[in-house]
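*Asks:*
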Amino acid sequence: MKNRWKKGTAVWMAAMMAAGMVSVAQAEESKELKEVTVILDYVPNTNHTGMYVALDKGYYEEEGLDVEIIEPTDGATATLVAQQKGTFGISYQEDVTIALTSEDPLPVKAIATLIQHNTSGFVSLADSGIESPADFEGKTYAGWGGPGESAVLEACMTQAGKDFSKLNMVISDGSGFEALGKSCDVMWFFEAWDNIIADMNGTELNYMACRDLDERLDYYTPIIISSNEVLESDPEMVEAFLRATEKGYRDAIADPDAAAEVLSSYAPNYDIELLKRSQEYLADKYMEDTEVWGEMKDEVWDNYSAFLEEYGVIDEAIPAAECYTNEFLGK
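Using this note's numbering, the letters of the sequence shown correspond one by one to residues 570 to 900.
1. Starting from Asp867, follow the alpha helix (DSSP H) in both directions and report where the run begins and ends.
2. DSSP state of Arg898, grouped into three classes?
3. In angstroms, rounded to a whole number, what distance separates the CA positions of Gly698 and Ile765?
4. Along the chain, where does the beta strand (DSSP E) containing Lys603 start, and where does it finish?
5. Can you say whether Ser592 is buried or exposed, counting buried as having 16 or more other CB atoms within 10 angstroms of its CB?
6. I'd like to know whether the C-beta atoms of Ser795 and Ile887 end up nearer to each other than 8 Å.
7. Do you know how far the Cα of Leu683 is from the Cα of Trp862?
8. Would you call Tyr710 buried or exposed, if buried means 16 or more other Cβ atoms sit within 10 Å of its Cβ?
9. In the DSSP assignment, find the alpha helix (DSSP H) that holds Val755 and state where it starts and stops.
10. Quick check on Lys751: does DSSP put it in helix, strand or coil?
11. For a test of the three-state rule: what should DSSP assign to Val882, helix, strand or coil?
12. Give the DSSP bridge partners of Val692, in chain order.
13. In angstroms with no decimal places, state the Cα-to-Cα distance between Lys678 and Asn797.
14. Tell me, please, which residues DSSP counts as bridged to Ser902.
15. Compute the Euclidean distance between the alpha carbons of Gly627 and Val612, then round it to the nearest angstrom.
16. For Tyr629, I'd like the list of residues in its chain whose CB is within less than 6 Å of its CB, leaving aside the five on either flank, ordered along the chain.
17. Between the stretch 816-833 and the stretch 684-698, do at least 3 Cβ pairs fall closer than 8 Å?
18. Using CA atoms only, rank isn't needed, just tell me which of Trp757, Phe759, Lys654, Glu801 is closest to Phe897.
19. On the DSSP bridge list, what partners appear for Asn737?
20. Beta-carbon within less than 7 Å of Ala645's beta-carbon, same chain only, minus the 5 sequence neighbours each way: which residues are those?
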């Protein structure tokens with residue numbers, strides 16, 4: 570009887586210990602992660618791959634974050650972030666500068682750039698005879714109607730000695746390169762995406778990089794932004810988010826094909842060849858001319874702010890320090 574009691578006690582104690590170990594494990598697993606929402610600037614694409622890699626590989630979770638990446642649905646990303654509808658957002662230097670110089674400035678700030686140089690420019694068909702802004706007079710430009718868009722076009726045409734008022738501007742119908750030579754003559758493309766799509770379809774383009782037309786147009790696009798409230802109230806979370814995001818982008822730089830496969834799992838409607846070619850191109854652009862992922866420079870912000878002021882997009886240039894910060898990087 571005594572041996573049977575001892576045996577039963579031992580079994581009971583072992584079961585309780587096992588249950589205790591399970592409870593501890595469950596407690597660890599259920600430890601609350603901090604919820605973070607990232608609002609994209611548009612649909613998922615290779616500008617965003619590093620975040621999806623960080624999400625897929627658990628880098629955010631390792632930092633105690635439960636990250637959700639969503640598309641904007643009811644307004645501009647900067648406005649949504651300012652309204653606390655997202656913890657972070659993907660935006661552009663242009664949007665942030667304009668948002669901060671408006672009559673009712675938005676309480677947002679840029680905290681990292683995803684690409685170090687502007688990888689966009691104007692395009693026309695290779696056989697169109699439109700090879701520079703000097704050829705834009707009398708032509709039709711199809712764009713998205715952004716506040717700085719006409720300023721860039723006006724600046725480039727003015728510098729070429731041409732009359733901006735003679736350029737017909739319309740809103741793009743979304744057909745991309747297929748509209749060239751039909752409903753329009755000139756468009757604004759992104760090298761890592763639109764140019765590659767056109768090439769894959771056998772369409773030859775004349776490409777006029779913004780950064781080559783005016784050095785002030787080598788601005789940051791896209792960038793990560795957050796609200797002043799978030800930056801001031803939870804700097805440790807911001808550092809953790811950027812730390813994990815940096816790991817994702819460094820992985821995308823090291824292995825573009827694998828990163829493209831990850832993005833494809835979250836955005837399966839894209840042609841994988843497009844994603845891989847785009848990723849290969851951007852691998853050299855994410856950290857071009859820098860050793861610190863995401864860092865930004867005063868001169869880039871100041872140059873573009875002065876440009877926007879010169880062409881009447883904003884009333885007064887705004888100091889770079891009010892637009893961005895590098896303080897959360899490399900922590």
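Quick reminder that beta carbons are idealized off the backbone N, C-alpha and C, glycines included.
*Replies:* Walking through what the data contain:
1. One-based indexing of the sequence shown puts residue 867 at position 298. Unbroken alpha helix (DSSP H) run through Asp867: 867-879.
2. As a working mapping, residue 898 is identified with position 329 in the sequence shown. Looking at the sequence shown, residue 898 is not Arg but Leu. In the displayed model, Leu898 falls within coil according to three-state DSSP, outside both helix and strand.
3. Here residue 698 corresponds to residue number 129 of the sequence shown, with the count starting at 1. Here residue 765 corresponds to residue number 196 of the sequence shown, with the count starting at 1. Approximately 21 Å between the Cα atoms of the pair.
4. One-based indexing of the sequence shown puts residue 603 at position 34. Per DSSP, Lys603 belongs to the beta strand (DSSP E) from 603-608.
5. For the purposes of this step, residue 592 is identified with residue 23 of the sequence shown, where counting begins at 1. At Ser592 the pLDDT is 46, less than 50, meaning the model places this residue with poor confidence; the figure from the coordinates comes in the next sentence. With fewer than 16 Cβ atoms within 10 Å of its Cβ, Ser592 is classed as exposed.
6. The sequence position of residue 795 within the sequence shown is 226, counting from 1. The sequence position of residue 887 within the sequence shown is 318, counting from 1. Taking C-beta atoms as the reference points, Ser795 and Ile887 fail to come closer than 8 Å.
7. What you label residue 862 is simply residue 293 of the sequence shown in a count that begins at 1. What you label residue 683 is simply residue 114 of the sequence shown in a count that begins at 1. For Trp862 and Leu683, the distance between alpha carbons rounds to 8 Å.
8. Here residue 710 corresponds to residue number 141 of the sequence shown, with the count starting at 1. Burial call: buried.
9. For the purposes of this step, residue 755 is identified with residue 186 of the sequence shown, where counting begins at 1. Here Val755 belongs to no alpha helix (DSSP H); instead the beta strand (DSSP E) covers 755-759.
10. Locating residue 751 in the sequence shown gives position 182, where the first residue counts as 1. In the structure shown, Lys751 sits in coil (DSSP, three-state: anything other than H, G, I, E or B).
11. One-based indexing of the sequence shown puts residue 882 at position 313. Val882: coil per DSSP, three-state reduction.
12. Here the question's residue 692 lines up with position 123 in the sequence shown. Partner(s): Met756, Tyr776.
13. Here residue 678 refers to the residue found at position 109 of the sequence shown. Here residue 797 refers to the residue found at position 228 of the sequence shown. Taking the straight line joining both Cα atoms gives about 7 Å.
14. Outside the displayed span of the chain (570 to 900) sits residue 902, for which this structure offers no information.
15. Counted from its first residue, the sequence shown places residue 627 at position 58. Counted from its first residue, the sequence shown places residue 612 at position 43. Taking the straight line from one Cα to the other gives about 22 Å.
16. The count along the sequence shown starts at 1 and reaches residue 629 at position 60. So the list reads Ala623, Val636, Ala813, once near-sequence residues are dropped.
17. no
18. The count along the sequence shown starts at 1 and reaches residue 897 at position 328. With distances taken between Cα atoms, Phe897 lies closest to Glu801.
19. Translated into positions along the sequence shown, residue 737 becomes position 168. BP columns for Asn737 point to Thr709.
20. Looking up residue 645 in the sequence shown gives position 76. Closer than 7 Å at Cβ, skipping near neighbours: Asp664.
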